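**Q**
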Amino acid sequence: MPETPPNSLEEVLFDDVIGDAQTELKEWAEKVINGTSIEYKQIKSLRALIDAVQQNKNAIVAPLRAERSNDWKPTDELTELRIYGGEILDSDCQALDIRITLVITSRFVGKALFDKASFAGKACFKVASFAGEASFDEASFTGGAWFERARFKGEASFVRASFAGEAALGGAWFGRARFKGHAWFCKAKFKGEAGFYRACFAGEASFDWAFFAVVASFRRARFAGMAMFEGAKVEGRFILINLKRPPDRLNVMELNLLPGSSFEIDYKDYLSRLDLSDRNPQDEPWMEEKDKLSKWIASLPTQSVLRWSLEYFDVLLWMRHPIRHHLGIGYRGNVIVDETSDKPEKLREAATQYNMLRNHFRTQPSTEEHEDLCHHRYMELRRRAAWRDNPGLWQRFLLGFEWLVMRNLLGYMIYPSRIAATTFACLFFFAMIFGLLAGESTITHSGVDPSEAIAKWNKNPVMNPIYFSLMTLVTLGYGDFAPLGIFKLLCGFEALLGVSLLALFTVVWGRKMIR
Numbered sequence: 260m261p262e263t264p265p266n267s268l269e270e271v272l273f274d275d276v277i278g279d280a281q282t283e284l285k286e287w288a289e290k291v292i293n294g295t296s297i298e299y300k301q302i303k304s305l306r307a308l309i310d311a312v313q314q315n316k317n318a319i320v321a322p323l324r325a326e327r328s329n330d331w332k333p334t335d336e337l338t339e340l341r342i343y344g345g346e347i348l349d350s351d352c353q354a355l356d357i358r359i360t361l362v363i364t365s366r367f368v369g370k371a372l373f374d375k376a377s378f379a380g381k382a383c384f385k386v387a388s389f390a391g392e393a394s395f396d397e398a399s400f401t402g403g404a405w406f407e408r409a410r411f412k413g414e415a416s417f418v419r420a421s422f423a424g425e426a427a428l429g430g431a432w433f434g435r436a437r438f439k440g441h442a443w444f445c446k447a448k449f450k451g452e453a454g455f456y457r458a459c460f461a462g463e464a465s466f467d468w469a470f471f472a473v474v475a476s477f478r479r480a481r482f483a484g485m486a487m488f489e490g491a492k493v494e495g496r497f498i499l500i501n502l503k504r505p506p507d508r509l510n511v512m513e514l515n516l517l518p519g520s521s522f523e524i525d526y527k528d529y530l531s532r533l534d535l536s537d538r539n540p541q542d543e544p545w546m547e548e549k550d551k552l553s554k555w556i557a558s559l560p561t562q563s564v565l566r567w568s569l570e571y572f573d574v575l576l577w578m579r580h581p582i583r584h585h586l587g588i589g590y591r592g593n594v595i596v597d598e599t600s601d602k603p604e605k606l607r608e609a610a611t612q613y614n615m616l617r618n619h620f621r622t623q624p625s626t627e628e629h630e631d632l633c634h635h636r637y638m639e640l641r642r643r644a645a646w647r648d649n650p651g652l653w654q655r656f657l658l659g660f661e662w663l664v665m666r667n668l669l670g671y672m673i674y675p676s677r678i679a680a681t682t683f684a685c686l687f688f689f690a691m692i693f694g695l696l697a698g699e700s701t702i703t704h705s706g707v708d709p710s711e712a713i714a715k716w717n718k719n720p721v722m723n724p725i726y727f728s729l730m731t732l733v734t735l736g737y738g739d740f741a742p743l744g745i746f747k748l749l750c751g752f753e754a755l756l757g758v759s760l761l762a763l764f765t766v767v768w769g770r771k772m773i774r
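Quick note, the sequence shown lines up with residues 260 to 774 if you use the numbering used here.
#1: Which of the three DSSP states is assigned to residue 349 in this structure?
#2: Please report the distance separating the alpha-carbon of residue 294 from that of residue 603.
#3: Give me the Cα-Cα distance between residue 614 and residue 630, rounded to the nearest whole angstrom.
#4: Look up residue 485 in the DSSP assignment and give the residues it is bridged to.
#5: DSSP beta-bridge partners for residue 360?
#6: Do residue 458 and residue 441 count as a contact pair if the criterion is CB distance below 9 Å?
#7: Measuring only the C-alpha atoms, how far is residue 492 from residue 412?
#8: Looking only at its chain, what residues have a beta carbon closer than 6 Å to the beta carbon of residue 682, apart from the 5 residues adjacent to it on each side?
#9: Within the continuous beta strand (DSSP E) that includes residue 303, where are the two ends?
#10: Here's the rule I'm using: 16 or more other beta-carbon atoms within 10 Å means buried, otherwise exposed. How should residue 564 be labelled?
#11: Looking at the strands, I want to know which residues DSSP matches up with residue 492.
#12: So residue 407 and residue 435 are supposed to be a Cβ contact under 8 Å. How far apart are they, rounded?
#13: Alpha carbon to alpha carbon, how far is residue 648 from residue 703? Give it in angstroms, no decimals.
#14: For residue 640, tell me which candidate among 668, 611, 660 and 665 has the shortest Cα-Cα distance.
#15: Looking only at its chain, what residues have a beta carbon closer than 8 Å to the beta carbon of residue 353, apart from the 5 residues adjacent to it on each side?
#16: For residue 454, collect the residues of the same chain with a Cβ closer than 6 Å to its Cβ; drop the 5 residues on either side in sequence, then sort them by chain order.
#17: Evaluate residue 762 with the Cβ neighbour count: other Cβ atoms within 10 Å of its Cβ, from every protein chain shown; 16 or more gives buried, anything less gives exposed.
#18: Which one of 278, 304, 314 and 280 has the shortest CA to CA distance from residue 289?
#19: What first and last residue would you give for the beta strand (DSSP E) that runs through residue 746?
#20: Does DSSP put residue 735 in a helix, in a strand, or in coil?
#21: Sorted by chain position, which residues of the same chain lie with C-beta nearer than 7 Å to residue 452's C-beta, five sequence neighbours on each side aside?
#22: Quick one: Cα of residue 348 to Cα of residue 378, how far?
#23: So if DSSP puts residue 410 in a beta bridge, which residue, or which two residues, is it bridged to?
#24: So, residue 419 versus residue 387, is the Cβ gap smaller than 9 Å?
#25: Whose C-alpha, out of 370, 357 and 599, is nearest the C-alpha of residue 399?
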């Protein structure tokens, strides 16, 4: 019979049946050990065939799972059982300890039950076809699992499965695999690389409470249903980019990024489907940190200048929610890859991602707050990248001015509350100066002698400086108190600040109302 391409298994005509008789199984076990692969055979019992190979005296197999030491690792000397083009009738391999390298490129007619199976060597199901349910619940893959281009026509269940092996050689590879039913990877542990390149999920794809130690890659994957990652933990990189089809609903609200991990997504493709619904803020880690800071500030003396200053900057610091909260991602870890890098080019790449995200939110309804947050992060990363380019003295002065004024005082001109807080701070700052430096040479009053002007001023030493500062800030003035000497320069400067801040507040507030 001519060779049949792996993608044409449905057209294979099987010419023989391997039964479960011990004599026949021993003959086939001897052939397998001598390097003969099984081609175009109907296999009545896969369990019996595996047992026959492992029991052969000439087979070099791994020790039983119960007999392995902690430092045991699979080697290339393990006997391989190769099945190419076969049709497996009975695939009940539950709780089977498979101590050989199992290579299957075949078709499972009924259910494929590998629950609690242990694969000591490589488990290769490349181009395998599962007509019914495929269950690998609590299976252990010590030497890696290869399901490249495998076809799961029924449900595929890998609940609590463990995929070990080195990242480069082991792990789990589901490249171009097709899941026509639901795919369940709940509580699965991927200790090596988890590759789902171009995988196609026609039903629900559930990775709830799964663990990804190295890389979880879903490049160019297709999701026809929901993609769920609730409670999943990521220790390495989590990649969702260049999706061929975004999921109907992507649940990453409870994705837990551990320290040192990263989250890389392509916002253009599917962020419009990302669940950005608000959660209870009391459940967020950043709220716990805010409460700790607030309690420490409250412990300071009431009239302390330090307490007053910290309360003001506390408002500025927590006026906006962290970007991770609004994207539904855990507080720890990175939202954009390399956003915490020290290299300017990496920071600019991260800024580009935030710019793309900002532009995406701009086209979506009811996402103004998320757009503002991404714009703030975009401007901040650009400033940090410019600072790490080793600028000259003048450029450092401009970047320092941007950090102090544009970032801290004006919030990159996207938060009206930040501009309002800065305006009131200017009002009371100049009021304090006017109150301290007021005298006959700096303050006058219309219709009275200059010596009597200071007496009128001192009748209310608290409200008059605030009133005078307010009238100057809004450039109104009623013609009662007027500046003299150095106060003329101070009032001119405050009026200039007032006009600028009021204009900025009007523009930013008006923009929010229009949106």
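We treat Cβ as the ideally placed atom computed from N, Cα and C, and that holds for glycine.
Every value quoted in this text rests on a predicted model; they were computed, and no experiment measured them.
**A** Short version:
#1: As a working mapping, residue 349 is identified with position 90 in the sequence shown. DSSP places residue 349 in strand when its eight states are reduced to three.
#2: Translated into the one-based positions of the sequence shown, residue 294 becomes position 35. Translated into the one-based positions of the sequence shown, residue 603 becomes position 344. Our two residues, residue 294 and residue 603, have alpha carbons roughly 55 Å apart in a direct line.
#3: Here residue 614 refers to the residue found at position 355 of the sequence shown. Here residue 630 refers to the residue found at position 371 of the sequence shown. In a straight line, the C-alpha of residue 614 is about 9 Å away from that of residue 630.
#4: Here residue 485 corresponds to residue number 226 of the sequence shown, with the count starting at 1. Looking at the DSSP output, residue 485 shares a beta bridge with 508.
#5: Here the question's residue 360 lines up with position 101 in the sequence shown. Under DSSP, residue 360 takes part in a beta bridge, and its partners are 339.
#6: On the sequence shown, residue 441 is found 182 positions in, with the first residue counted as 1. On the sequence shown, residue 458 is found 199 positions in, with the first residue counted as 1. Result no, Cβ atoms of residue 441 and residue 458 do not sit closer than 9 Å.
#7: Taking the first residue of the sequence shown as position 1, residue 492 is located at position 233. Taking the first residue of the sequence shown as position 1, residue 412 is located at position 153. Approximately 29 Å, taken between the alpha carbons.
#8: As a working note, residue 682 is residue 423 in the sequence shown. 760.
#9: For the purposes of this step, residue 303 is taken as residue 44 along the sequence shown, with counting starting at 1. For residue 303, the uninterrupted beta strand (DSSP E) segment begins and ends at 300-304.
#10: Start at 1 with the first residue of the sequence shown, and residue 564 comes out as number 305. Its pLDDT being 47, under 50, residue 564 is placed unreliably by the model, and the measurement read from it follows with that caveat. Per the 10 Å Cβ criterion, exposed.
#11: As a first step, residue 492 must be located in the sequence shown, where it is residue number 233. Answer is 470 and 515, bridged to residue 492.
#12: The residue given as residue 407 occupies position 148 in the sequence shown. The residue given as residue 435 occupies position 176 in the sequence shown. Separation of the CB atoms of residue 407 and residue 435 is rounded to 6 Å, and the pair is thereby assigned contact status at 8 Å.
#13: To locate residue 703, count along the sequence shown from 1; it is residue 444. To locate residue 648, count along the sequence shown from 1; it is residue 389. Their backbone Cα atoms lie some 52 Å apart in a straight line.
#14: Walking along the sequence shown from the start, residue 640 turns up at place 381. Considering only 668, 611, 660 and 665, the residue with the shortest C-alpha distance to residue 640 is 611.
#15: The sequence position of residue 353 within the sequence shown is 94, counting from 1. Cβ within range, chain order: 372, 373, 374, 375 and 376.
#16: For this step, residue 454 is matched to residue 195 along the sequence shown. Result list for residue 454: 432, 434 and 476, in chain order.
#17: Working through the sequence shown from its first residue, we reach residue 762 at position 503. For residue 762, the number of other beta carbons within 10 angstroms of its own is below 16, and it is reported as exposed.
#18: Against the sequence shown, residue 289 aligns to sequence position 30. Of the listed residues, the one whose Cα sits closest to residue 289 is 314.
#19: Translated into the one-based positions of the sequence shown, residue 746 becomes position 487. No beta strand (DSSP E) holds residue 746; the alpha helix (DSSP H) holding it covers 745-773.
#20: As a first step, residue 735 is located in the sequence shown; it is residue number 476 there, counting from the start. Note: residue 735 maps to coil in three-state DSSP.
#21: Looking up residue 452 in the sequence shown gives position 193. The residues are 426, 430, 473 and 474.
#22: By one-based count along the sequence shown, residue 348 stands at place 89. By one-based count along the sequence shown, residue 378 stands at place 119. Distance between the alpha carbons of residue 348 and residue 378: 21 Å.
#23: Your numbering for residue 410 matches position 151 in the sequence shown. For residue 410, the beta-bridge partners assigned by DSSP are 388 and 437.
#24: For the purposes of this step, residue 419 is taken as the residue at position 160 of the sequence shown. For the purposes of this step, residue 387 is taken as the residue at position 128 of the sequence shown. In this structure, residue 387 does not lie closer than 9 Å to residue 419 by Cβ.
#25: Numbered from its first residue, the sequence shown carries residue 399 at position 140. The shortest C-alpha to C-alpha distance from residue 399 to any of 370, 357 and 599 is the one to 357.
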